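*Asks:* According to mature numbering (1 follows the signal peptide of the UniProt record, and there is no 0), the residues represented by the sequence shown are -19 to -1, 1 to 151, in order. For every residue, glycine included, the Cβ atom is placed at its ideal position computed from N, Cα and C. As the structure is a prediction and not an experimental result, all values here were calculated from the model.
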Amino acid sequence: MFNMFSIKIFLFCSSGMDCNTINGIATCVDPCTNYTVLNDAWRSVLNTDSSNLHCDNEIKRNTWHRMFLGENNAQIPNTCVGQIFRCGTAAPLWINGAHPTQADGIVSRPVCGYWSGSCCFYSSNPIKAKLCYGSYYVYKLDTASTCWLAYCTGTVIFQSIEGIVEMCFK
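#1: Classify Tyr16 as buried or exposed, calling it buried when 16 or more other Cβ atoms lie within 10 Å of its own Cβ.
#2: If we define contact as Cβ-Cβ less than 8 angstroms, is Cys36 a contact residue for chain B?
#3: Rounded to the nearest angstrom, how far is the Cβ of Tyr117 from that of Lys109, given a contact under 8 angstroms?
#4: From this set, Ser97, Cys101, Lys111, which residue's C-alpha is nearest Ala79's C-alpha?
#5: Residue range of the beta strand (DSSP E) that Gln56 falls in?
#6: What residues in its chain sit with their C-beta under 6 angstroms from that of Ile40, if we drop five residues either side in the sequence?
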């Protein structure tokens, strides 16, 4: 007679690291070195073209992404993108909360989509964000809750003035 039992081992990763499971094996990885690049000009907060709308309902979920606009680092806005038909989509998605600092490590932030005069008419599942050395962000995105919602991006200028870092969208 055999006694069958299983043991579950939980992996706890240190701050700033993420648990990644491949073929049943869990490891801690730094999302700053383990990401997929999103470089879509249509995601720009400056894009007002409504003739070719995009949707992030098929974005690779639970995968870390680094965003670019051309050769420039980009980030998801953390203020309302207060117009429909921006960022190559009908209802632009933005982070409702501050971007993390280096000390914050990985943070979770709610996502909102602008529509019908409301900055948070649509809410999508929260995403994770991390500030990486080299002054860029990575995001663990989730699929949009419905179609014609997509994540916006804007390029960021980091300026240090007397030890204070300011971020400006371009």
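*Replies:* Taking the geometry as given:
#1: buried
#2: Within the model displayed, chain B is absent; a lone protein chain is all it includes.
#3: That pair is no contact at about 15 angstroms.
#4: Lys111
#5: 53 to 56
#6: Leu122, Thr124
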